[in-house]
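A short write-up of the structure that comes next.
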Amino acid sequence: VRDLGLDGKTYVIFMSDNGPWAIKKEHGGSALPLRGAKTSTWEGGLRVPCIMRAPGRIPAGIVCDEIASTMDMLPTLAKFAGGKTPTDRIIDGHDISALMHGAKGATSPTKAFFYYQHTHLQAVRSGKWKLHLPRPANPPWTPTWARHIDPEDVIDIEEPMLFDLNNDIGERRDVAAEHPAVVGRLLELAEGARSDIGDYNRVGKNARFFDPQPRRPDAAKWTGRDG
């Protein structure tokens, strides 16, 4: 990029869509100290590093701890390219240019983050709080996914489990009993997501996954079922 003279107008972005693949053992990487791995909704399955470089626009050496996701890339890069985010549809992402450029006092535009495994809502995060919702260890609607996760992380959750990610990044100490108001607030956010996006047994009013189109020929590869 530098040799081509494009260094001053190029964003170099390294990111990932998921954590390490536990089924591959040492060849799949490690998410420690995070719990979980790829296909799980523990932090190890979804929290990944993101490294960016843009001389003259991104200050060197800054660190941002605000939450963001790959979904934010579309509206952000569209803005950089001089485009506009469509207004005739819901866009799953936000402009995070202020975070990228190290703007003073910039905070994440994502106020609630929802953790889905396939179409199954399993957790919700707001600020430092993350609530894991009740679920069986290996839901029948995602039959193959548990094989990809460390056995200790494939657990039945009978009651909501609350974690303070600022002080317990490994999601080991459930503090739901100590913060019932936080649990209640996050449960309301989860219900809003179910109504809007849906859940494994519920079609949300803005869901795009469930549609009348012909089934993809490779669907079995994604669902673990034949046919």
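The numbers in the sequence shown follow the working numbering, run straight up by one, and end at 244. Using N, Cα and C, we set each Cβ at its ideal position, and we do this for glycine too. Since this is a predicted model, take the numbers as computed values, not measurements.
Neighbourhood of residue i by C-beta distance below 6 Å, restricted to the same chain and skipping five residues each side
i      : result
Cys81  : Leu116
Ala123 : Ala115, Leu116
Cys67  : Met32
Ile174 : His149, Pro151, Arg152
Rounded distance between the beta-carbons of residue j and residue i, thought under 8 Å
i      : j      : result
Met32  : Thr87  : 6 Å
Ile107 : Asn223 : 6 Å
Gly187 : Leu51  : 6 Å
Spatial neighbours of residue i in its chain, beta-carbon cut-off 8 Å, leaving aside the 5 residues before and after
i      : result
Asn35  : Lys55, Thr56, Gly62, Leu63, Val65
Ala176 : Per the sequence shown, residue 176 should be read as Glu rather than Ala. So the list reads Pro151, Ala193, once near-sequence residues are dropped.
Ile172 : Ala154
Gly45  : Pro37, Trp38, Ala39, Ala54, Lys55
Phe97  : Tyr28, Ser114
Arg19  : none
Met69  : Tyr28, Val29, Ile30, Phe31, Ile75, Met117
Given residue i as reference, the closest of the options once Cα atoms are compared
i      : options                       : result
Val29  : Glu60, Ser47, Ala71           : Ala71
Ile84  : Arg19, Leu51, Pro126, Arg52   : Pro126
Pro168 : Asn155, Glu175, Leu179        : Asn155
Pro197 : Ile166, Ala39, Lys147         : Lys147
Gly25  : Arg219, Ile166, Gly73, Lys128 : Gly73
His111 : Met90, Phe97, Ala98, Gly100   : Met90
Lys128 : Phe180, Arg19, Leu206, Lys41  : Leu206
Phe131 : Pro76, Cys67, Asp185, Asp109  : Asp109
Ser143 : Arg189, Val199, Ala95         : Val199
Arg189 : Glu43, Trp59, Leu23           : Trp59
Lys41  : Val18, Arg202, Ile166, Val141 : Ile166
Arg202 : Leu179, Asn218, Ile214        : Leu179
Gln134 : Asn218, Leu51, Asp20, Ala95   : Asn218
Asp213 : Asp185, Thr136, Asp170        : Thr136
Beta-carbon contacts of residue i that lie in its chain and below 7 Å, excluding the five residues immediately before and after
i      : result
Ala48  : Gly36, Pro37, Ala54, Gly61
Ile79  : Gly119
Pro103 : none
Asp181 : Lys145, Trp146, Val192
Thr240 : Confidence in Thr240 is poor, its pLDDT being 42 and thus under 50, which makes the residue's placement too unreliable to answer from.
Leu138 : Phe131, Leu150, Ala207, Ala210, Arg211, Asp216
Glu195 : none
Arg233 : Confidence in Arg233 is poor, its pLDDT being 48 and thus under 50, which makes the residue's placement unreliable; the coordinate value appears in the next sentence. Hits under 7 Å: none found.
Residue i classed as buried or exposed, judged by whether at least 16 other C-beta atoms fall within 10 angstroms
i      : result
Ala77  : exposed
Ala254 : As displayed, the chain neither begins before 18 nor continues past 244, which places residue 254 out of reach and without an answer.
Gln230 : Per-residue confidence for Gln230 stands at a pLDDT of 49, beneath the threshold of 50, marking its modelled position as unreliable; no derived number is given.
Leu21  : exposed
field: Segments of 4+ residues assigned as alpha helix (DSSP H) that fall wholly inside the region 85 to 120
entry: Listed in chain order, they are 90 to 97, 114 to 117.
query: Which full runs of the alpha helix (DSSP H) of 4+ residues lie inside the region 171 to 223, going along the chain?
result: Correct list: 197 to 213.
task: Could you pull out every unbroken beta strand (DSSP E) segment of at least 3 residues lying fully inside the region 57 to 85, listed in chain order?
output: Correct list: 68 to 70.
query: Unbroken beta strand (DSSP E) runs of length 3 or more, entirely within the region 26 to 53: which are they?
result: Correct list: 29 to 31.
- prompt: Along the chain, which unbroken stretches of the beta strand (DSSP E) at least 3 residues long are found entirely within the region 120 to 153?
  reply: List check, beta strand (DSSP E) in window: 130 to 134, 137 to 143, 146 to 149.
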